[in-house]
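Have a look at the structure below, then the notes.
Number of protein chains: 2
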Amino acid sequence: MCPSCNGEVPPATDGKVNGHGHHTPHNPRRQPFASVGDYLSNVSNFKIIESTLREGEQFANAFFDTDMKVKIAKALDGFGVEYIELTSPASSEQSRKDCEIICNLGLKAKILTHVRCHMDDARIAVETGVDGLDIVIGTSPQLMQHSHGKSMDYIRDTALEVIDFVKSKGLECRFSSEDSFRSDLVDLLNIYSIVAKVGVNRVGIADTIGCANPRQVYDLVRTLRGVVQCDIECHFHNDTGCSIANAYCALEAGATHIDTSVLGIGERNGITPLGGFVARMLVADRDYVRSKYDLTKLKAIEDLVAAAVEINVPFNNYITGFCAFTHKAGIHAKAILANPTTYEIINPADFGMTRYVHFTSRLTGWNAIKSRVNQLGLDMTDSQIKSCTVRIKAMADIRHLAIEDTDAIINAFYENLYSEQNDEKPLLEDMTADEKIRFAQKEAELSQEPESQHLDQIVDQQTNVLANHGVNGHEGVNVLNGETATET
Amino acid sequence: MCPSCNGEVPPATDGKVNGHGHHTPHNPRRQPFASVGDYLSNVSNFKIIESTLREGEQFANAFFDTDMKVKIAKALDGFGVEYIELTSPASSEQSRKDCEIICNLGLKAKILTHVRCHMDDARIAVETGVDGLDIVIGTSPQLMQHSHGKSMDYIRDTALEVIDFVKSKGLECRFSSEDSFRSDLVDLLNIYSIVAKVGVNRVGIADTIGCANPRQVYDLVRTLRGVVQCDIECHFHNDTGCSIANAYCALEAGATHIDTSVLGIGERNGITPLGGFVARMLVADRDYVRSKYDLTKLKAIEDLVAAAVEINVPFNNYITGFCAFTHKAGIHAKAILANPTTYEIINPADFGMTRYVHFTSRLTGWNAIKSRVNQLGLDMTDSQIKSCTVRIKAMADIRHLAIEDTDAIINAFYENLYSEQNDEKPLLEDMTADEKIRFAQKEAELSQEPESQHLDQIVDQQTNVLANHGVNGHEGVNVLNGETATET
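Protein chains in written order, with the UniProt record's numbering: chain A, 1 to 488; chain B, 1 to 488.
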């Protein structure tokens, strides 16, 4: 089903954490819903037009000075995006100057700027040193009335004039409609085929208001693919949560270029985010994406931009959000520790990041505790570990346990195992009298759960079977250790 | 194209801010890519299974005590979700108790819990008072090996036993595969048709690792739709940014129930978020969604859960994030002020929220400044406003302007217009000598931009045409006024 998921079970002797060490070609088995490699699909053949310095400038809290724009441009170039798009030099003198400065940085990426479909804008832009111009005009009834008030005839005539001018300067030229998904289809295809015939390098569609859905996008791009021979660029807003999905479906349908911005910043809640888009395409074709972009630079770029616009990276941000790779529930922890690909489709190491298993919870299984015990270097049998786990669960039901509390409990439990003293050391030093009573009650309750114990025994047998084949429960996985994760 | 976008231009005499006062049936015109109302589509006929208290408990930082679970359950019930799913009562004694407590709250929503496919879990769960059980087991090769180690025969036999038991208790019963998109298709359809024949109410598919893409989801659900007669529930993780899109496509293909959690919290970066999902479905059928859910409660629920798990609502969160309705660029501001539907597909008032136009930027058009001038109650001509805008842009190029700075500039400018004194009041009191020099330079540069002025004149004429028809640039739109937005 998922093309890059290894259809086969990884060999039991593979001790690597990152079970992606080998890339087995997809074995269809009986999974007809895997993408069947439509000949039009560009899922493994696309370019990114990075628009943090154009769409991103329209973000509510973005005020990039020249230095910051240069920093961001260089960072994006280091990541490997093929194009960097800048605010129109016609919008202000500062924008024009910044455009010139960035064009003179000698970056690998091509520099584009984004202008209204008007000769005045174009004249300013072509002098800045950009590699290409993106020309845009609204083609929906709403935009034609309320934004610029022009007719389609006027649009066509102006477009041809501007395109001709831009091409005469030897620059790359794209023509885009704004609000494409509310535009009259025939008008749209008409203008696109006209501009394609006069030799634009690329046409663009934009879901300016964020209303398009994925299959609709696929259909429109597919249709457009049959009308023009040139490249197709897509720009998707995220108001209804489909910007990444729409980009993916557009590529499936034959689009060639996708607009992104770092953290998706832009008008309203933004556009296709660079990190999320890369996550999506990585899962589709890991080798291809890794060959094009330096993924280890993603976090730094996001941190740079987030600081510049004074936002926090969302807790659930793709790849780099704090919880992107956290696993908590008992069933999941067991499987993750046994084989990371069980519950992960993205390898955090590809991005220079580590995973961690969150084990302080009443949902914790003993497997995660065992992992921690081993990491602490304590010698305990499985049966002792399970007993300790019961106590941890009981404690977690009474109070919120931080990571260090769990360690304290494990250490105290261990000491009590081998202590020759009569009094047991309390599992946590600062328990109140009431907490001690409640703890004793819970411990008794949990110890009397025969069903859970039976399940655990069954699960044990299976784990032992795996262990005998060399797949150890804690092998190589990083478990959270306070602030840092360390390799075992 | 977009079904709920009004294909026709709203009447010019509609002075309402929220141009959605009337709901004109979709006029296809020549927009064949609008959804054509596939008879299988459940885009206007679905139920939400809210899983904050099950999937959400697996979020890295979720530690809900009983009181919080009750608060969340009540809040979700007030919003109107049809089902609330709870953590398995078999996972700990506390979970079992909390399940009973919530079942006894007398909520409108049905209460479900989520158990492993095992009689021990089922026996505990049925006694808690839940309305139904969701039974889940991993069916992918990876999960069969590393999570539970069972064969498909075992799965089938156990499933039938558990289902029979649950139904004998008169409860609703769902059977789900975990990691459906990496499961063997025929095995999957086989087990589903078997359980459907013995009368489960619902089967479920889950993209447990977040790898599925939208058209793949559509195909699988469509296929499943032809195999079973019962309801189909879907659970989508968001690792590759497709959880909302996948939910949408699943409904298009005939699914009936979608799992959500507030802010999408759950394992790793979570699942389909309640707010984002509602935004997506609202755009597809506004009347339907508004009739089912109390949208004005969304923000409060998100704030409640965010506080409980100690996260910030992401800056770009659907609907409720700070920038969800902000508009900045000149072109957009003009269109938005003239007609909000130009650049918005969601009406913030539906959620009890207001929009605001961000106008402190070098990208600002004079239209947004005019709006602020009117709000401040100052009497200025368009030509004076444009002159003031030039100064604001010049100032914005030198330093970051907060909202109050812009007001100060406008007020100072206005005073200088009517002042009988010889010295002009400085536009900002705290300018350094260097800033004053740079400001004078920029002001001169911007004033000498004839092309921009020409463009503005063209745009003016159009705006005047609109104004003569009763569509005023600032009519009824809330413009940011420091911390609060006020109606004009």
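Ideal Cβ placement from N, Cα and C applies to all residues, glycine included.
Note that this is a predicted model, so its numbers are computed, not measured.
Taken in chain order, the members of the segment 63-90 of chain B whose beta-carbon sits within less than 8 Å of a beta-carbon on chain A are Phe63, Thr87, Ala90. Counting C-beta atoms within 10 angstroms of its own C-beta, Thr381 of chain B has fewer than 16 neighbours from the protein chains shown and is therefore classed as exposed.
The straight-line gap separating the alpha-carbon atoms of Ala396 of chain B and Ser95 of chain B is approximately 56 Å. Our two residues, Gly226 of chain A and Tyr39 of chain A, have alpha carbons roughly 13 Å apart in a direct line. In the pairwise beta carbon analysis, the segment 234-254 of chain B is classified as touching the segment 269-279 of chain B: at least three pairs are separated by under 8 Å.
Chain B places a beta carbon closer than 8 Å to that of Ile209 of chain A, counting this residue as a contact. If only uninterrupted beta strand (DSSP E) runs of at least 3 residues are considered, those enclosed by the segment 135-183 of chain A are 172-178.
For Asp397 of chain A, at least one C-beta of chain B is nearer than 8 Å to its own C-beta. The alpha-carbon separation between Leu185 of chain B and Ser243 of chain B amounts to approximately 21 Å. In the structure shown, the three-state DSSP call for Val200 of chain A is coil. Straight-line measurement puts the Cα of Glu55 of chain A at about 25 Å from the Cα of Phe277 of chain B. Buried is the label assigned to Val126 of chain A, since at least 16 other Cβ atoms lie within 10 Å of its Cβ.
Going by C-alpha positions, Met281 of chain A is about 17 Å away from Val217 of chain B.
For Glu172 of chain A, the closest C-alpha among the options A:Lys110, A:Pro89, A:Ile301, A:Val262 is that of A:Lys110. For Ile258 of chain A, the nearest beta carbon of chain B is not closer than 8 Å to its own beta carbon.
One thing to note: Thr320 of chain B has its Cβ within 8 Å of the Cβ of Lys299 of chain B.
By the CB criterion at 8 Å, Asn61 of chain A and Ile311 of chain A fall inside the cutoff.
For Lys425 of chain B, there is no enclosing alpha helix (DSSP H), as DSSP marks it with neither H nor E. Relative to the Cα of Ser91 of chain B, the nearest Cα in the group A:Gly132, A:Val390, A:Ala440 belongs to A:Val390. Rounded to the nearest whole angstrom, the C-alpha separation of Val203 of chain A and Val262 of chain B is 39 Å.
Spatial neighbours of Ile101 of chain B in its own chain (CB-CB distance under 7 Å, excluding positions within 5 residues in sequence) are listed in chain order as Thr66, Val70. Within the segment 227-298 of chain B, the complete alpha helix (DSSP H) segments of 4 residues or longer fall at 243-252, 274-284, 286-292, listed in chain order. By the rule that beta-carbons nearer than 8 Å mark a contact, Pro348 of chain B does not touch chain A. Under the DSSP assignment, Thr113 of chain A falls in the beta strand (DSSP E) whose first and last residues are 110-116. If you check each beta-carbon in the segment 431-447 of chain B against every beta-carbon of chain A, the ones closer than 8 Å belong to Lys442, Glu445, Leu446. Against chain A, the CB of Tyr39 of chain B has no partner CB under 8 Å away; the residue lies outside that interface.
The shortest C-alpha to C-alpha distance from Cys230 of chain A to any of A:His257, A:Ile49, A:Leu427, A:Asn246 is the one to A:His257. Within chain B, the C-beta atoms nearer than 7 Å to that of Tyr218 of chain A come from Arg215, in chain order. Residue range 214-225 is occupied by the alpha helix (DSSP H) that includes Leu224 of chain B. Taking a C-beta cut-off of 7 Å against chain A, the contacting residues of the segment 223-241 of chain B are Asp239, Thr240, Gly241, listed in chain order. Among the residues facing chain B, Arg202 of chain A is not included, as its CB has no counterpart in that chain under 8 Å away. Under the DSSP assignment, Leu86 of chain A falls in the beta strand (DSSP E) whose first and last residues are 83-86. Taking the Cα of Ile135 of chain A as reference, the smallest distance to any Cα among A:Arg182, A:Val200, A:Tyr293 is reached at A:Val200. The three-state secondary structure of Glu435 of chain B, taken from DSSP, is helix.
The three-state secondary structure of Asp207 of chain A, taken from DSSP, is strand.
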